[in-house]
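These notes are about the structure you will find just below.
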Amino acid sequence: MSETIEQSIAQTARKHTISLLLENKFGALNRVAGMFSAKGYNLESITVGPTEDASVSRMTIVTKGDDAIIEQIIKQLNKLIDTLKVVDLTYDSFMERELALIKIGTTPENRPEIMQVVEIFQAKIIDISHKTLTVEATGSGQKVDAIIKMLKPFHIKEIARTGRVALKREFVGEV
Numbered sequence: 014m015s016e017t018i019e020q021s022i023a024q025t026a027r028k029h030t031i032s033l034l035l036e037n038k039f040g041a042l043n044r045v046a047g048m049f050s051a052k053g054y055n056l057e058s059i060t061v062g063p064t065e066d067a068s069v070s071r072m073t074i075v076t077k078g079d080d081a082i083i084e085q086i087i088k089q090l091n092k093l094i095d096t097l098k099v100v101d102l103t104y105d106s107f108m109e110r111e112l113a114l115i116k117i118g119t120t121p122e123n124r125p126e127i128m129q130v131v132e133i134f135q136a137k138i139i140d141i142s143h144k145t146l147t148v149e150a151t152g153s154g155q156k157v158d159a160i161i162k163m164l165k166p167f168h169i170k171e172i173a174r175t176g177r178v179a180l181k182r183e184f185v186g187e188v
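Under the numbering used here, residue 188 is the last one in the sequence shown; the count climbs by one each step, no gaps.
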């Protein structure tokens, strides 16, 4: 019976992209991460950086949960001292990007095929040695996942991913 409950919870749990504006103060990131840890919520990714206003930072969080859990997360984030604004972008139209650096082991024989995959995904080769190529891939999380999947057969040595950054779309409709 507990399997059925767990399956039901897993089916209703969905990835959410939450955007926060925070005062750009020492410890703000730690308070957000600490809240997730203290409440037992999972962070799939978290990115933070300054905005057009140097006193404000934008944080993008990707987390997973059903509607009740996400509602609690948003309430808890709004209670934090440095929080200025919290928006769950999941049900809105928004733009997202992620950056990945992927180091691949290469041989003279497979290098052209790797370069073809890189070109198809409109990625860039940013470093090269006799034994490796390092690729920079940017785009949606799905695009980054796809290029990683295509490069796996060539022996990926290292991956570094930024996590999602996102902004709400202002214009929604046809041009």
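No residue lacks a Cβ here, since even glycine has one placed at the ideal position from N, Cα and C. Only a predicted model underlies this, so the values are computations on that prediction, with no experimental measurement involved.
Smallest Cα separation from L33: which of G47, Q135, T60 and Q155?
T60
Tell me, please, which residues DSSP counts as bridged to E149.
L114 and K137
Reference I160; option with closest CA among F134, R27, V45 and T120
F134
Name the two residues that bound the continuous alpha helix (DSSP H) containing E84.
D80 to K92
Identified DSSP bridge partners for H29
T76
What does the Cβ neighbour count give for V178, buried or exposed, with the cut at 16 atoms within 10 Å?
buried
Just to confirm my understanding: we take T147, look at its own chain, exclude 5 residues before and 5 after, and list those with CB closer than 8 Å. What are they?
L114, I115, K116, I117, I138, I139, D140 and I141
I need the boundaries of the alpha helix (DSSP H) containing S50, first residue and last residue.
A41 to K52
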